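Enquirer: Residue numbers (our numbering): 1 to 181.
This is the structure in structure tokens:
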């Protein structure tokens, strides 16, 4: 039991580290948003000399791809986190069998799937919906307003494809929680 508890504590610390790093990635999204907004807003407000080359469309595409890398990397981290949670649930069952009392003493990993579906997922869906909308709508509006409408099909096609693939992978990963309920 001592060994099982040490492993449970180790996995718990590992999961906390994954959570901290995944939530820290919001800073990357903030930095990307600042980069995304600076050039088009400065051009729109003529804070900068208007360039003849289409820096904005190429910049939007590059930033979209960088965001996609961060988003998919977070899915990798979440997948590893879910794997550790599954192992922690097994240890919780073992530890709770030896604990006294009717209420399970260890229930962090065992309680996560239900908590996730009832409380976390609704907020996450709203966050990702707004994020997806911003990734599509803001650059599209700027491209249109700056007379780069010819770039709209390329940007919209790439954005929709990347966001569709991200959503599909995220849903597949989330369905793994259903298997664990």
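In this text, a Cβ means the ideal position worked out from N, Cα and C, and glycines have one as well.
Here the structure is a predicted model, which is why all the values come from computation and not from measurement.
With three or more C-beta pairs closer than 8 Å as the rule, is the region 105 to 121 touching the region 60 to 76?
Expert: The region 60 to 76 is not in contact with the region 105 to 121.
Enquirer: For residue 98, which residues of its own chain have a beta-carbon under 6 Å away from its beta-carbon, when the five flanking residues on both sides are left out?
Expert: Excluding sequence neighbours, residue 98 sits near 1.
Enquirer: Can you give me the C-alpha to C-alpha distance between residue 94 and residue 4, rounded to a whole angstrom?
Expert: Taking the straight line joining both Cα atoms gives about 8 Å.
Enquirer: What three-state label does DSSP hand residue 104 in the structure shown?
Expert: It is coil, neither helix nor strand.
Enquirer: Starting from the Cα of residue 15, find the closest Cα among 86, 56, 66 and 73 and give me that residue.
Expert: The residue with the shortest Cα to Cα distance from residue 15 is 86.
Enquirer: Between the Cα of residue 188 and those of 20, 143, 149 and 26, spot the shortest distance and give me the residue it belongs to.
Expert: The structure shown has nothing for residue 188, since the chain only spans 1 to 181.
Enquirer: Go ahead and pull the three-state DSSP assignment for residue 34.
Expert: Residue 34 falls in the helix class under three-state DSSP.
Enquirer: Report the rounded CA-to-CA distance for residue 9 versus residue 24, giving the unit in angstroms.
Expert: Cα to Cα, the separation comes out at about 22 Å.
Enquirer: Skipping 5 residues on each side, what residues in its chain have a beta carbon closer than 8 Å to that of residue 96?
Expert: Counting only Cβ-Cβ distances below 8 Å, and skipping sequence neighbours, we find 104, 105, 106 and 107.
Enquirer: Closer than 7 Å by C-beta to residue 7: which residues in its own chain qualify, once you throw out the five before and the five after it? Chain order, please.
Expert: Cβ neighbours of residue 7 beyond the five flanking positions: 91.
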